[in-house]
Amino acid sequence: MLILECPYCGVNADETELHAGGEAHLKRFGPEASDEEFEGYLFVRQNPKGVHLERWQHRYGCGKWFHAARCTVTLEVFGTYPAQTLAPPKALVAKIKEKRPDWTWREFGGAST
Numbered sequence: 450m451l452i453l454e455c456p457y458c459g460v461n462a463d464e465t466e467l468h469a470g471g472e473a474h475l476k477r478f479g480p481e482a483s484d485e486e487f488e489g490y491l492f493v494r495q496n497p498k499g500v501h502l503e504r505w506q507h508r509y510g511c512g513k514w515f516h517a518a519r520c521t522v523t524l525e526v527f528g529t530y531p532a533q534t535l536a537p538p539k540a541l542v543a544k545i546k547e548k549r550p551d552w553t554w555r556e557f558g559g560a561s562t
């Protein structure tokens with residue numbers, strides 16, 4: 450069973466208390482967006498075999514959205530952080546890279562860290 454700690458209320462919630470919201474850190478486009486940008490926002494997602502940054506809602510708890518870093522193969526959870534964060538915290542990235550040295554994160558513009 451998947452257990453994530455809500456960074457807001459500190460509760461370790463299992464997946465039955467949570468709601469998955471897909472990939473984290475997607476760039477949203479406004480009304481001036483091209484058709485290609487809007488299509489990319491709606492449909493283009495990473496689906497990696499390995500560490501992935503995801504959005505989760507503590508639905509049956511505080512109700513807030515947060516981000517989580519977890520491995521899609523082993524379900525290992527590396528950590529969680531507030532949804533208002535534009536990038537994963539450096540300490541979390543270091544923790545991931547310690548176990549998965551080849552891991553990179555695709556930022557909004559396609560760059561990796």
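Here the working numbering is used: the first residue of the sequence shown is 450, the next is one more, and so on. From the three backbone atoms N, C-alpha and C, an ideal C-beta is built for every residue, glycine too.
Please identify the residue among the options whose C-alpha is closest to the C-alpha of residue i.
i, options, result
"T553", "K498, T465, Y490, C458", "K498"
"R508", "A469, A532, A482", "A469"
"T465", "A543, A536, W505", "W505"
"F527", "G459, E547, P480", "E547"
"L467", "K476, E488, T534, E503", "E503"
Where does the unbroken beta strand (DSSP E) through residue i begin, and where does it stop?
i, result
"Y457", "Taken as a continuous stretch (DSSP letters only), Y457 belongs to no beta strand (DSSP E), as it is neither H nor E."
Note the first and the last residue of the continuous alpha helix (DSSP H) segment covering residue i.
i, result
"Y509", "Here Y509 belongs to no alpha helix (DSSP H), and DSSP marks it neither H nor E."
Note down the Cα distance separating residue i from residue j, rounded to an integer number of angstroms.
i, j, result
"T529", "V500", "13 angstroms"
"K544", "E486", "32 angstroms"
"G479", "P537", "24 angstroms"
"D551", "C458", "32 angstroms"
Report, in whole angstroms, the separation of the C-beta atoms of residue i and residue j, which I expect to be a contact under 8 angstroms.
i, j, result
"G512", "A462", "Not quite, the Cβ-Cβ distance comes to about 12 angstroms (not below 8 angstroms), so this is no contact."
"H390", "A532", "Outside the displayed span of the chain (450 to 562) sits residue 390, for which this structure offers no information."
Answer yes or no: the CB of residue i versus the heavy atoms of the ligand ZN, is any distance below 7 angstroms?
i, result
"H474", "Ligands in the displayed structure: none, and consequently the ligand ZN is not present."
Practice task
Mind listing, in chain order, the continuous alpha helix (DSSP H) runs of no fewer than 4 residues lying wholly within the region 463-549?
Solution key: The alpha helix (DSSP H) runs lying completely inside the region 463-549 and spanning 4 residues or more are 484-492, 539-548, given in chain order.
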